[in-house]
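See below for the structure under consideration.
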Amino acid sequence: MEAKKEKRIRMLTLAFGIALMPPVWAVLSPYIGISTGAVALICAGLYVANGNQRKDAFKITVGFLCGDVWAVLAVWIMEAMPFHPNVELYCTLFVLGGLAVIIGESFSRFIFVPSWLCGWAIGLTILGPMKVQDFGTLPIQIGAAMAAGVVYVGIGVDAFQKMLLKKFGV
1 MEAKKEKRIR MLTLAFGIAL MPPVWAVLSP YIGISTGAVA LICAGLYVAN
51 GNQRKDAFKI TVGFLCGDVW AVLAVWIMEA MPFHPNVELY CTLFVLGGLA
101 VIIGESFSRF IFVPSWLCGW AIGLTILGPM KVQDFGTLPI QIGAAMAAGV
151 VYVGIGVDAF QKMLLKKFGV
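And the structure:
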């Protein structure tokens, strides 16, 4: 098969997988109690940017979940500090950011640091404007959406595309 045709088939099968699978998650996630479904798409993007490497899926997921916990911890710390909000933010980001890298790199067989930092940013974006007492199940919903992003959207779309490519003889 010529390279141009193969590239087009790869593009179209990926487009079909992206058009089909993430919207299913977007529609169904609220029915299983997850109001943060869009988080899955962000997390799938990082998984894909890492090269769709299934061998890294576990540590990418663990990194995202660490980031989720880190976001809760950051908000809790900032609530407890008596300083100007900008000072609290800077100090919290400085200390927790440094610790995330040190801990993540020390356990790099199990944790993907970029997903930890990305997960932390996602968590802070959603939880940052809230008080810890108002979180409810949001941290759990965020974590579930993160895992779904890697497993269902990331691995799922990749597997679906590979199946289609096989059917097309690519």
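Position 118 of the sequence shown, counting from 1, maps to 118 under the working numbering, and the rest follow consecutively. In this text, a Cβ means the ideal position worked out from N, Cα and C, and glycines have one as well. Being a predicted model, the structure only gives us computed values, none of them experimental.
Once you ignore the five residues that flank V171 on each side, which residues in its own chain have a CB closer than 7 Å to its CB? Here the chain comprises residues numbered 1 to 170, so residue 171 is not present and cannot be evaluated.
Taking DSSP as the reference, what is the three-state secondary structure of P82? Here residue 82 corresponds to residue number 82 of the sequence shown, with the count starting at 1. Coil at P82, not helix or strand.
Mind the definition here: the stretch 65 to 77 touches the stretch 116 to 123 only if three or more C-beta pairs lie below 8 Å; say whether that holds. yes
So, are the CB atoms of I155 and A57 less than 8 Å apart? For the purposes of this step, residue 155 is identified with residue 155 of the sequence shown, where counting begins at 1. For the purposes of this step, residue 57 is identified with residue 57 of the sequence shown, where counting begins at 1. It is a contact, given that the beta carbons lie within the stated cut-off.
What would DSSP say about E6, mapped onto helix, strand or coil? Counting from 1 along the sequence shown, the entry for residue 6 is found at position 6. If DSSP states are grouped into helix, strand and coil, E6 belongs with the helices.
I'd like the ranges of any alpha helix (DSSP H) spanning at least 4 consecutive residues and lying wholly in the stretch 3 to 84. 3 to 28, 39 to 49, 57 to 80
Ends of the alpha helix (DSSP H) at M163? Translated into positions along the sequence shown, residue 163 becomes position 163. Unbroken alpha helix (DSSP H) run through M163: 156 to 167.
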